[in-house]
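For reference, the structure discussed in these notes is given below.
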Amino acid sequence: MAFLGIVKLCFHIFLCLNWMNSAQGKEEDKGYGYPFIKPASSFSSTGSSSTEFSRQIKAYDYIIVGGGTAGCPLAATLSRNFKVLVLERGGVPFSNPNVSYLQNFHISLADTSPSSAAQPFISTDGVISCRAKVLGGGTCINAGFYTRASTRFIKRVGWDTELVKQSFPWIEKQIVHWPKLAPWQQALRDGLLEVGVSPFNGFTYNHIYGTKVGGSIFDNSGRRHTAADLLASATPENLTVLVRATVQKIIFDTKNRKQPRAVGVIFKDENGKEHKAFLGDKQSNEVILSSGAIGSPQLLLLSGIGPKEDLKKMNIPVVLHNEFVGKGMSDNPMNAIFIPTKKPVRQSLIETVGITKMGVFIEASSGFGQSNASIHCNHGIMSAEIGQLSTVPPKQRTLEAIKAYKEGKQNLPHEAFQGGFILEKIVGPFSKGELRLNSTDADENPSVTFNYFSHPYDLRRCVSGIRLIEKIVRTNNFTKVVNSDVYTEEMLLNISTKANVNLIPKHINDTQSVKQFCKDTVITIWHYHGGCHVGQVVDPDYKVIGVHGLRVIDGSTFSDSPGTNPQATVMMMGRYMGVKILRERLGEAAGI
C-alpha cells in the first residue's frame, strides 16, 4: 500500500473524530458506481436457485478473491475475454467522502465502525496497523503517492520488461496525476538537495537515486482516484463484482486426483448468509487470491494449505502441507519526526521523496492540525491513551490512570500541532516475521509479527535516516517554514516520542539514544509483504505449488516492497498478469 505513517499520529493526538455523528462518517453502499457491482446478498446460491441460475454460477472462468489494488486491474483485464466474479469483503468507495477527499484522509483511517474502509489490527510487536476493507483496497486509504518499482526489482522478480512498460501507462492514463507541489513538499525538496540527496530528478514515476517529485492518485482538487476506477475499463457483460462478500475458504476437489484442484469458494454476504460460487469445468479456469499480504496467506491457511501441525491445532482439515505459508512476513519500518512551524501549513501528503543509496527513503506530510477540543477527547481503540498507558502494567490501567494521562496531554505545547512531519523508512528490511491464525473466523485478524529492527542492519539504517532528517531541518530552505531556531534536536525527538504512536513501552533515554528512539517510536507505513513467497508457496507464474487452479497475485508474493511506495507496482502487477494470462490462454486471439 503507499506511505501511511502520518496516520499513527493522526490516530492518537490530532483530531477528535466526529465521523460517527456525521453522514460522511458512514459508507453508503447506495452508489455502487457500475451496474456490475452488487451487494453480496443479491447472489443466489446453488441450493436455493433455479436450474438455469445454477448453471450460470458454475460458468465463471475466474473467481478473484479481493477487489483491491491488484484485484481490480486484474478483473478488468480478464473480463475482456472471460466471465469473472470478484468477491470483495468491503463496500464501495464511491459515495464515501472520507475515502474520496484528501482533507478527510485521517478520518477514514481512524474509522473503526463495521462499515469502515479500514480494518485496524495490532501486530504482536505492539505496532498499530490497518488493512483495507473496501473495493479498491489500499488505494482507497493510502497517502496517494505513485512511483514505479526500480528496474532492479523488475529484473529480480523475472517480469517481462516490455509488458511491464505497457502495463504501467495503462494505470497512469486512468487514475494518476502530477501534484501541484505544496510548500511543505517544496521545503523538503530543497532541504534534501541542500544536504546532498541529489541530483534533482524532477517530476518522474521512475525509481532513481536522488530527490524527485512523484505522481499522485489525488488530483489537484484533492479528490482520490482508486484502483476501483480501473473497473471502468472492464467488459461489463463479463464481470460481476459482489461487495460485502467475505470468503470463508476455497473449495477443493480432492477425489481421484494426485493434486487438489480449486473449484470454487464459500463466502458470506452482508447478512451472514453463506453462499458457494463455482468455476466452470475447463481445466484452465482458476480461483485467484488478491487479498493482500494479510488476507491471502490467511485464506490459504483457512482453506487447509499451510503447516499441517498449525492447521490441526485449529481443527482445519489439511488439504496440502506447506510450511512456508505465512512465513517471511516483512514490513518497512518507519519513524516520523514532527516539526512545529511558525504558522499553519497547507495540508499535503506524500509528493516529494529522497531516495538514498544507504537504503533510506525520506518523505513528508503536513497540515493535519489539532483542535483544542480534541486534547480532551478519548480517541477509542486507536487513542493516545492506549499508547501512553503501554508504560503502565495492564492491571494498573485504571480510569484514574486514563484521566491522569488526559490531563498530562494538555501540557503538550499547542505549537506541536501546527506543522508537519518528516518521515524516514528503510527499504528491504532484513528483519522477518510470520502470520498465524487466531481463529477460523475469516473476519478476525490473524496474528502478525514483523520483528521490527531485530536485524542490526535495519537499525543502523534507521539511525542514518533520523540523522539525515536532523540535517534537513537545519538547512537554509527549511528554516523558512519551521521553528528550527527554537526547538533543539532533542526537543523535536521528545515531541515525537510523547506522541505515543504505538503500544511499545517508552524508555527514558529515547531522545539521547537514536537507536532506542527508532525502536520505541517505530510505526508502519503499511507496506507489509510476504507470506506467499515465490519458490515456496507459489511458482514464478504465481500458481500455488502443489495445487491446480489456484494463484496468488498480490504483494504477499514479494520478498521486498517495490519502489518507495508499492501501490503503482501492485496495480501494474494486476494488469500485467491479466494480460499474461490472456495471451497464454488465447494467444493472438486475446487481441491484447
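Letter by letter, the sequence shown follows residues 31 to 622 of this note's numbering. Cβ coordinates follow ideal geometry from the N, Cα and C atoms, glycine included. These numbers come from a predicted model, not from an experiment.
Going straight from the alpha carbon of L104 to that of T371, what length do you get?
44 Å
Let me know the secondary structure DSSP gives D283 once reduced to three states.
Residue state, collapsed to three classes: strand.
Whether or not the segment 298 to 315 and the segment 246 to 266 are in contact is what I'm after, with contact meaning three or more pairs of Cβ atoms, one per stretch, closer than 8 Å; do they touch?
no
Going by CA-CA distance only, name the one from F233, S251 and N595 that's closest to W556.
N595
What does a CB cutoff of less than 6 Å around K455 pick up in its chain, not counting 5 residues either side in sequence?
N362, M364, F391 and I555
Straight-line CA distance for Y90 to R491?
48 Å
Since T470 and M344 should fall inside the 8 Å C-beta cutoff, what is the C-beta to C-beta distance between them, to a whole number of angstroms?
6 Å
Are the CB atoms of A162 and G3 within a distance shorter than 8 Å?
Outside the shown range of the chain, which is 31 to 622, sits residue 3, and nothing can be said about it.
Run the CB neighbour count on R605, radius 10 Å, all protein chains shown included, and call it buried at 16 or more, exposed below.
Residue environment: R605 is assigned as buried (16 or more neighbouring CB atoms within 10 Å of its CB, all protein chains considered).
Using the Cα positions of K298 and T276, report the straight-line distance between them to the nearest angstrom.
5 Å
The beta strand (DSSP E) that contains A162, what's its start and end?
I158 to A162
Would T599 and V568 be called neighbours here (beta carbons separated by less than 8 Å)?
no
Between Q566, R182, V552 and A106, which lies nearest to I201 when the distance is taken from Cα to Cα?
A106
Which of the three DSSP states is assigned to M607 in this structure?
helix
In the DSSP assignment, find the alpha helix (DSSP H) that holds P327 and state where it starts and stops.
G322 to L332
If you measure between the beta carbons of V116 and A292, is that distance less than 8 Å?
no
In this structure, does DSSP put T154 in helix, strand or coil?
Looking at T154 - three-state DSSP - the assignment turns out to be coil, as it is neither helix nor strand.
Let's see if you can read the secondary structure: which residues bound the beta strand (DSSP E) around K298?
R291 to K298
Looking at A212 and S378, is the spacing between their C-beta atoms short of 8 Å?
The beta carbons of S378 and A212 sit closer together than 8 Å.
Taking the C-alpha atoms as reference points, what is the distance between R613 and I622?
7 Å
DSSP three-state call for T181: helix, strand or coil?
Here T181 sits in helix by DSSP.
Counting pairs of beta carbons, one from the segment 456 to 468 and one from the segment 481 to 490, are three or more of them closer than 8 Å?
yes
Could you tell me if R254 is buried or exposed, where buried requires 16 or more neighbouring beta carbons within 10 angstroms of its beta carbon?
buried
So, helix, strand or coil for N236, using DSSP?
coil
Are the beta-carbon atoms belonging to F66 and P290 less than 8 Å from one another?
Not a contact, by the Cβ cut-off of 8 Å.
I need the straight-line Cα distance from V564 to D571, nearest angstrom please.
9 Å
Note down, in chain order, each residue of its chain lying with its Cβ closer than 8 Å to the Cβ of K342, except the 5 sequence neighbours on either side.
These residues qualify, in order along the chain: V348.
Quick one: what's got a C-beta closer than 6 Å to L465's C-beta in the same chain, skipping five residues either side?
Taken in chain order, the residues that qualify are P327, G356, M359, P476, V478 and G561.
Straight-line CA distance for E500 to S591?
26 Å
How about V243 and V122: do their beta carbons lie closer than 8 Å?
no
Taking its Cβ as the centre, do 16 or more other Cβ atoms sit within 10 Å of T284, making it buried, or is it exposed?
exposed
With E202 as the anchor, note down where its alpha helix (DSSP H) starts and where it stops.
T191 to I205
Where does R219 land, buried or exposed, given buried means 16+ other C-beta within 10 angstroms?
By the neighbour-count rule (16 or more Cβ atoms within 10 Å), R219 is buried.
Among the residues of its own chain, which have a CB less than 6 Å from the CB of K338, if the five just before and after it don't count?
V348 and H351
Counting only the same chain and skipping the five closest in sequence on each side, list residues whose C-beta sits under 7 Å from that of L222.
T241, G384, I392 and I502
Take H207 and list the residues in its own chain whose beta-carbon comes closer than 6 Å to its own, dropping the five residues that flank it on each side.
S246 and D249
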